[in-house]
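What follows is one structure encoded as structure tokens, with my remarks underneath.
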Amino acid sequence: MDKDKTLKITIITVSYNAAETIEQTILSVVNQTYDNIEYIIIDGGSTDGTVDIIKKYEDQIAHWESEPDKGIYDAMNKGIDAAIGEYIYFIGADDELYDVNAIDKICRELLKFPRIDVCCGCVIAVDNKLKLQKNMGGHILKKDILCGIMTPHQGMFVKRTLLLKYKFNCDYKIAADFDVFIQLAIKNSIIHFSDIIVAKYNIGGYSSNFNLLYHEYEQILYKRSTIDSMRRFSVRKRKNLFKFKLECILPRRLVYFLKKMNGWKDRILVKR
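The sequence shown: position 61 = 64 (my numbering), numbered continuously.
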């Protein structure tokens, strides 16, 4: 694709003591075939060798910094302030882009539909313990967003101008991305859902604390949604917490078969 006819995409990775995983994340970004990428890494002052790995690739990183911050969303806001791309995409320090053409495919879609404010691609959730994976993509109705359903952030490309307007609220520990997403939906931003697989992420990461996650979702929905949506969210919450607790007590083999019945498939290793 002619660089003069492409969009600049800013990819931001936020890290803290991620030496075991961040190199794979970095490689998945710098090996993209799409060449109009601005890559930013905001590190929270790691002490485990993460910074040494970042320095190893600093000639392929547009901007990086390492200093203490006020949490993950403070770091993400720093990345937004430093970005110059038309769209911003966040990928965690233990996640990776699905293949080398992921960004190119998304950008072709964005150029095809230039009025898009938010592009939501598919992501593959990976359960490394059970060696299973599941495609977490699909179209989400506005009424479902208003009751707590959102595309995983690893699949979302958002216009930089919107993220500058709706920055992450650092009062939330693990649900500020949903707070931004629901505001975009309420303000009737143009949200496009794509079948393109963008990334894969390991379940059990920062947002695996279900009790805190759902508590923050309730706070956000109480502020921004309707009573009916709150009722629907409460039903989903009870159902998902029951499933989570069940997985904690059942034998692993039984959990494996239950997940297979619920659409999970055997993990596939993608050749790069």
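Yeah, the Cβ is synthetic: ideal placement off N, Cα and C, and Gly gets one too. The model shown is predicted, which means the values in this text are computed figures rather than measured ones.
CB-CB under 8 Å to residue i, same chain, minus the five flanking residues each way: which ones, in chain order?
i	result
residue 81	45, 68 and 72
residue 269	134, 135 and 136
residue 193	118, 119, 120 and 121
residue 213	243, 244 and 247
residue 187	120, 121, 161, 165, 169 and 194
Assign residue i to buried or exposed, taking buried as 16 or more other Cβ atoms, counted over all protein chains shown, within 10 Å of its Cβ.
i	result
residue 13	buried
residue 271	exposed
residue 253	exposed
residue 127	buried
residue 62	exposed
residue 50	exposed
residue 141	exposed
residue 145	exposed
residue 114	exposed
residue 39	buried
residue 225	exposed
residue 25	buried
residue 7	With a pLDDT of only 49 at residue 7, under the threshold of 50, the placement of this residue in the model should not be trusted; the figure read from the coordinates follows. With fewer than 16 other Cβ atoms within 10 Å, it is exposed.
residue 230	exposed
Under the three-state reduction of DSSP, which class applies to residue i: helix, strand or coil?
i	result
residue 221	helix
residue 210	Note that residue 210 scores a pLDDT of 47, beneath 50, so its modelled location is shaky; the value from the coordinates is reported in the next line. Here residue 210 sits in helix by DSSP.
residue 230	helix
residue 203	strand
residue 11	coil
residue 275	Low per-residue confidence applies at residue 275: pLDDT is 49, beneath 50, and the placement is therefore not dependable enough to give any value.
residue 20	coil
For residue i, I'd like the list of residues in its chain whose CB is within less than 7 Å of its CB, leaving aside the five on either flank, ordered along the chain.
i	result
residue 250	258
residue 108	199
residue 182	172, 175 and 223
residue 166	83 and 91
residue 70	48
residue 88	11, 12, 13, 41 and 163
residue 260	none
residue 65	41, 42 and 43
residue 116	195
residue 1	Outside the displayed range of the chain (4 to 275) lies residue 1, so it cannot be described from this structure.
residue 19	46, 47 and 49
residue 85	43 and 66
residue 54	46 and 69
Report all residues from its chain with a CB closer than 6 Å to the CB of residue i; omit the five preceding and five following residues, and keep chain order.
i	result
residue 29	60
residue 57	44 and 67
residue 93	15 and 156
residue 220	151 and 178
residue 17	45, 75, 78 and 79
residue 154	123
residue 232	149 and 150
residue 184	153
residue 206	128 and 130
Counting only runs that start and end within the segment 87 to 140, where is the alpha helix (DSSP H) found for 4 or more residues in a row? 105 to 115
Report yes or no: do three or more beta-carbon pairs, one from the segment 25 to 41 and one from the segment 87 to 103, lie closer than 8 Å? yes
The segment 190 to 207 contacting the segment 237 to 246, beta-carbon criterion three pairs below 8 Å: no
Which residue spans inside the segment 26 to 98 form an unbroken alpha helix (DSSP H) run of at least 4? 53 to 59 and 75 to 85
Please go through the segment 130 to 196 and give each complete beta strand (DSSP E) segment of 3 or more residues, from N-terminal end onward. 135 to 138 and 159 to 162
Should the segment 150 to 159 be regarded as contacting the segment 117 to 133, the criterion being three or more beta carbon pairs within less than 8 Å? yes
Return the chain-ordered ranges of every beta strand (DSSP E) run that is complete within the segment 247 to 273 and spans a minimum of 3 residues. none
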